[in-house]
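Q:
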Ligand SMILES: C[S@@+](CC[C@H](N)C(=O)[O-])C[C@H]1O[C@@H](n2cnc3c(N)ncnc32)[C@H](O)[C@@H]1O
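Residue numbers (my numbering): 11 to 303.
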């Protein structure tokens, strides 16, 4: 218990506006950290930085930084075939994807079709699989993939299936990403190997947001074991002088496996009309810890 009692937490000012750049809803997504990361990258003096997310999900922060030209390149890695297909399809076929966003019906029959495509998980048709993932992400309750549609199967709820699906706005986000596609690399490897590849690279900033230790399994693909968490920490032990940050839910286990590094709590402060403060752990490489000091 005592391990959680330490210095006052790092205060990080959340930027809610940044959440509006990624087309995906990600429960607990980290778009709000974009400005904080942008400032860290600046203070580290990395020019034309490559921003890498080995556990990408919605890549909220990365998309915001790229759109604001605060980073030059973006590397999106996710091992979930549906998430990977989504990013690959958006980057390679932004126009076709945007057309699907605008023209696909929003009703329970179509929801069933998309669910079927998602369940089949045929990666060779990554446009169809990526779109099915996106469709369910935008029409399901809380964006949770194994939940039902907003409003229920009988659409009797107050909010309906289209409540989080603004066609024009989402198509616009897709198109904007398409315009930046020459600066985006999409891969699907194990996150620890991507962290190993980039975390020591002086021209990269790597943000590592692995599945939580105590995650509800239904938010996203989560077969991450204690051993996986420990292996990732070991990979980072080899590059203490790289430019990287890891975030986690507060846990003594995580504090132990990152004992060689700077581990602190941080508090995300939302602007006046947003709710609450979330407290999490932030682990920083040596150069990052120096600029945070
Ligand atoms: C916490 S989420 C990342 C959220 C993201 N930072 C955002 O702001 O939206 C973790 C992601 O890691 C992916 N994932 C799980 N295990 C992985 C692994 N071994 N390698 C790479 N990605 C993995 C999941 O598919 C999920 O999208």
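We put the CB at the ideal spot given by N, CA and C, even for glycine.
Using the three-state DSSP reduction, which class does residue 195 fall into: helix, strand or coil?
A: In the structure shown, residue 195 sits in a strand (DSSP, three-state: E or B).
Q: Roughly how many angstroms separate the alpha carbons of residue 165 and residue 152, rounded to a whole number?
A: Those two C-alpha atoms are separated by around 16 Å.
Q: So, helix, strand or coil for residue 174, using DSSP?
A: Three-state DSSP puts residue 174 in coil, outside helix and strand.
Q: Mind checking residue 227: buried by the 16 CB within 10 Å criterion, or exposed?
A: Note on residue 227: pLDDT 48, under 50, position unreliable in the model; the coordinate value appears next. Residue 227 comes out exposed.
Q: Three-state secondary structure (DSSP) at residue 154?
A: DSSP places residue 154 in coil when its eight states are reduced to three.
Q: Can you name the start and end residues of the beta strand (DSSP E) that residue 265 belongs to?
A: Residue 265 -> not in any beta strand (DSSP E); alpha helix (DSSP H) instead, spanning 262-267.
Q: Buried or exposed: where does residue 11 fall if 16 or more other Cβ atoms within 10 Å of its Cβ makes it buried?
A: For residue 11, the pLDDT reaches just 34, beneath the cut-off of 50, and the residue's location in the model is therefore unreliable, although a value from the coordinates is still provided. The residue in question, residue 11, is exposed, as its Cβ has fewer than 16 Cβ neighbours within 10 Å.
Q: Given residue 183, which residues of its chain have a CB within under 6 Å of its CB, disregarding the five upstream and five downstream residues?
A: Hits under 6 Å: 33.
Q: Where does residue 169 fall in DSSP's three states?
A: Looking at residue 169 - three-state DSSP - the assignment turns out to be coil, as it is neither helix nor strand.
Q: Is residue 154 near ligand 1, in the sense that its beta carbon is under 7 Å from a heavy atom of that ligand?
A: It does not: the Cβ of residue 154 is nowhere closer than 7 Å to a heavy atom of ligand 1.
Q: Could you check how far apart the C-beta atoms of residue 68 and residue 36 are, in whole angstroms? I think they sit under 8 Å.
A: With 8 Å as the limit, residue 68 and residue 36 qualify as a contact, their Cβ atoms being about 4 Å apart.
Q: From which residue to which residue does the alpha helix (DSSP H) around residue 130 run?
A: From DSSP, the alpha helix (DSSP H) with residue 130 extends over 118-130.
Q: According to DSSP, which residues form a beta bridge with residue 215?
A: Answer is 61, bridged to residue 215.
Q: Beta-carbon within less than 7 Å of residue 161's beta-carbon, same chain only, minus the 5 sequence neighbours each way: which residues are those?
A: Once the five neighbours on either side are set aside, the close Cβ partners of residue 161 are 167, 169, 170, 171.
Q: Taking 7 Å as the cut-off, does the CB of residue 71 come closer than this to any heavy atom belonging to ligand 1?
A: Residue 71: yes, Cβ under 7 Å from ligand 1.
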